[in-house]
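>
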Amino acid sequence: MPPEGSTRAGILPGCPSLDRGIREAEVGFEPRNFRSMPPLETSSNITSVPPYHYVHVLDLNTNISTLVMGPKTYVCKENERFECAVSRMVSISPMEYCVVENPVVKENGHAIFESNGQVRLQMGAKEYRYHQDPFPLYPGETICGTIQALPVVLANRALRLKAICDHEDSEGRQRSAGDEWLFEGPGVYYPCIQVEVLGEVTAKAIKLNEALRFRATCDCVDRHGTRRFSGEEWLVRTTGVYLPTVYEEYVDTVIAEKLNEKRAVSVRAIQPHRDQFGRQRNCGDEWLVTYRDADSYICDVTQELVRVTEAITLSSKEYCIIVNPVDLDGHPQWGKKRLVRGESSFFLMPGEELETGIEQAFTLGENDGLVLVATEDVEQVDSLEDGNFQRIKHQPGDRWLIRGPCEYIPPIGVDVVEKRTAVPLGESEGIYVRNTQTGEVRAVVGTTYMLTEYEEHWEKQIPPKVKELLDSDKVPTLNWSRFQELRDTRAPLAAYYQTEASGRVMLGSLCGDTYSLAHDQPPAPRFFIPDEPKPFPVISLQVPHNAGVQINDYKSNISRVEFGPTLVILGPHEQFTLLSLSAGKPKRPHAIKSLYLLLGPDFFTDSVVVETADHARLSLQLSYNWSFDTSDALTDPGEADKLFSVSDFVGDSCKAMASRIRGAVATVCFDTFHKNSARIIRAACLGLTKEGKVRDSYVFPENRLVITGVDIQSVAPTDERTRDLLWKSVQMAIEITTESQEAAARQAAKLEQEARGRLDRQKILDETEVAKSKSKLLEIQLASAGLENTGEARAAALGQAEALRIENMIAVEESKAAVEEKRIEL
């Protein structure tokens, strides 16, 4: 029998059949059934047994079976017969085995027989048989199952074995029932009856930056020779392949946390131990492992990973507040705070936390400021213009203002409560400011102004009617749209949160964005700065030309009058004088509200009912021309106040004029008034001079109102009968006037017809004279044409005669020349 646990290298080295068997086992050897071999042909008493075959022969007398092996031809006796057909011997290749039940007892490799010739069997036992020469099965032996391939254990694998009974293995080690161990590859495992195969164990691969966590199922020694107790856990960190022993239970794979300049891990000890760097750690201790300690870190079984800490990077304009900062020994200082300014990059130590995340420094422009309040004793260092520094100590509750341009980071113990922005004001712009300590209110006009730490914007209260007039388009006021836009669109300074896709929490605050680590909840802002105080513009009124407005100061009990065109700005304790004027026909009181008084000249219309001496009631519609006498009011404040002494000058003047008119009309009869109504009314309104002439104007001394003229627009009787008689009289006058106009029109038409006849006669005479003149003109034209033709014919004849004469003379001259030429030639 081959030794148990023999490897491939230790069995028949270089044997081709062994190599073939191993290959078959590796690719999946299919067991073959020994009993499936077809038997050879036999007769009833004689059979041929070929080589490597056998047959069982039964003795009927003794009932004992014997084994007959070939090659042989066997003839049965009378008391014998073949118990089975001729069978092929069992042939096992080098990589196969089989299990024989009830095996024979052998001694020195030979079977032992009883005295009666029966082979001795181990009844109920089993025997594993491996590669050997072909062998037969003795009577009583049987093969359990089929021929199996030997298990091939590859590298980095093992078979988990368990001892069924006490025995000594092939290596000489004593095994007790229940013991477990591993058969590690590479090799071929030869099963034995005393050992049970529980399963296959595969080695675990340990990659770079990984570790395997194992647990001991009982007291044992691990593969590295370390004593382990039941339930103990440990890590295997060596890179490569690790095959756990039989009592090592795989728990999980631990991935290392990679460390760099931006990443670190916070670790907590769950039991006392000495860490990987040789430092003693107690239970509950927390510490930070950074890239300065290692490139990567794997928590041991005595440690737990608290969190992965990202590095906090601060730019030059950022800062943060660390709560519970650690000391030099790494212990948190509970309740303390530390301010860290940029530029900087650091990790939060265990126990430390950011109070409000990363915040931006306050960048203040030239027109910006911050109101600060001290919550504890702090010392502020201010730089002076000469380059020196001044130290100022502030106690809790102190309040002060810093102005830009600068960058400001509030130290610990200082809160930013408000933001200040300078309000640019033009020459005609202003705001109301109230001192919160003294309560004094003042108006700031015409300069850029920033509230101090003890000032606030103040809204002036004015009567609702005055506010309505100022808000309407009827009264010209200064356009405060810029202030309204500043008040409506100014962004609130309360903080808000916004999470970016990168997971970094951004906290919007006064001057920009602040940042904090990606925890479950974003931190609250360090300062809750309310909305910036809203500026309230001063109450102003544009007084138009030739108008005046009265302003009353109720604090000093002094009034003043401003004349237009000008811009009036109310002080904190000043109010406009509201004018309530009468209007309509007849006049109704309090019909018109106004803030300024028009000085005229202008007119107003009124209806007055009068009664004559003969009791005729008439309704008059009059228009009064008026203006205010401001010759002294422009220089004398007392005279100017008189202009506003009568709140309703329209109603009072109309009443006064109506009273004078009614008194004058009551002294005359209707006929006299009808004929002289204009003089009577103007005399009643304006008065008469000593000479009896109507005055040019009438002055009310109370408010210097001057009536310069009266226009009578209509006179109508109020009595129905009088109105009818007056209407008939007017109709008769109209008819008489119409008839006279018609007669005059008829006379004019007659005269026009006579003139038209004379004109037609003259036209006929003129046409006759024209015809005669045309006849004479034609005769003269004919005579002129005859003379013209005669002259032209005579001139033509004379011209032709002269031309012939000249031609003849030329011919004579040519003849003379020719004769002379011939003469000369001769």
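In terms of numbering that gives the first Met the number 0, the sequence shown is residues 0 to 825.
Glycine residues also receive a C-beta, built at the ideal position from the N, C-alpha and C atoms.
Just to confirm, is the Cβ distance from C319 to E354 under 9 Å?
A contact, by the Cβ cut-off of 9 Å.
> Thinking C-alpha only, which one of H544, N545, P571, V567 is nearest S555?
P571
> Tell me, which residues are paired with E455 by DSSP?
DSSP, once it has assigned bridges, lists R433 as partnering E455.
> Mind pulling the alpha helix (DSSP H) runs of 4 or more residues that sit fully within the stretch 692 to 744?
none
> Would you mind listing the beta strand (DSSP E) stretches within the stretch 155 to 184 that are 3+ residues and don't spill past its ends, in chain order?
156 to 162, 179 to 183
> Is the stretch 697 to 712 touching the stretch 641 to 660, taking contact as three or more C-beta pairs under 8 Å?
yes
> DSSP beta-bridge partners for D367?
Looking at the DSSP output, D367 sits in a beta bridge with T420.
> I'd like to check one pair, S579 with D647: are the Cβ atoms closer than 9 Å?
yes
> For T72, does the three-state DSSP call read helix, strand or coil?
strand
> From which residue to which residue does the alpha helix (DSSP H) around A839 run?
Within the shown structure, residues of the chain are numbered from 0 to 825, placing residue 839 beyond reach of any answer.
> Which residues in the same chain have their Cβ closer than 6 Å to the Cβ of P138, if we skip the five residues on either side of it in sequence?
H55, S64
> Taking only the alpha-carbon atoms, compute the straight-line gap between V322 and G412 and give it to the nearest angstrom.
The straight-line gap from Cα to Cα measures roughly 13 Å.
> Between the C-alpha atoms of K203 and P324, what's the straight-line distance to the nearest angstrom?
44 Å
> Compute the Euclidean distance between the alpha carbons of R119 and A110, then round it to the nearest angstrom.
8 Å
> Helix, strand or coil for L450? Go by DSSP, reduced to three states.
coil
> Grab the span of the beta strand (DSSP E) containing V240 for me, first residue to last.
239 to 241
> So which of I430, W625, F81 has the shortest CA-CA distance to M656?
W625
> In angstroms, rounded to a whole number, what distance separates the CA positions of L569 and V560?
12 Å
> Using C-beta distances below 8 Å, list every residue in its chain close to E573, excluding the 5 sequence neighbours before and after it, in chain order.
I550, N551, D552, Y553
> Cβ of R262 within 9 Å of Cβ of T308?
yes
> Would you call the stretch 148 to 162 in contact with the stretch 175 to 193, where contact means no fewer than 3 C-beta pairs closer than 8 Å?
yes
> Based on the DSSP secondary-structure assignment, which residues constitute the bridge partners of E209?
I254
> Is it right to say C684 is buried, meaning 16 or more other beta carbons lie within 10 angstroms of its own, or is it exposed?
buried
> Between E77 and T145, what straight-line distance do the alpha-carbon atoms span, to the nearest angstrom?
Going from the Cα of E77 to the Cα of T145 covers about 36 Å.
> Quickly, what does DSSP pair D605 with across the bridge? List them, please.
L621
> Under the rule that 16 or more other beta-carbon atoms within 10 Å means buried, what is V609, buried or exposed?
buried
> F228: buried (16+ other C-beta within 10 angstroms of its C-beta) or exposed?
Under this definition F228 is an exposed residue.
> Straight-line CA distance for D218 to G341?
56 Å
> Could you give the distance in angstroms between the alpha-carbon of T141 and the alpha-carbon of L57?
17 Å
> Determine whether the beta carbon atoms of L835 and Y51 lie at a separation below 9 Å.
An answer regarding residue 835 cannot be provided, because it is not within the stretch 0 to 825 covered by the chain.
> Sorted by chain position, which residues of the same chain lie with C-beta nearer than 7 Å to I91's C-beta, five sequence neighbours on each side aside?
Within the same chain, C97, R128, Y129, H130, Q131, I146 come within 7 Å of I91 by CB-CB distance, once the 5 residues on both sides are set aside.
> Between the stretch 242 to 254 and the stretch 271 to 281, can you find at least three pairs of beta-carbon atoms closer than 8 Å?
no
> Measure the beta-carbon distance from E358 to E317 and round it to whole angstroms, keeping in mind my assumption that it falls under 8 Å.
7 Å
> Between the beta-carbon of D414 and the beta-carbon of F526, is there less than 9 Å?
yes
> Is the Cβ-Cβ distance between E627 and L596 less than 9 Å?
Sequence inspection shows Phe at residue 627; the Glu mentioned does not correspond to that position. Yes, Cβ-Cβ distance for F627 and L596 is below 9 Å.
> Find the nearest neighbour of A442 within the set K257, R390, T767, V567, judged by alpha-carbon distance.
V567
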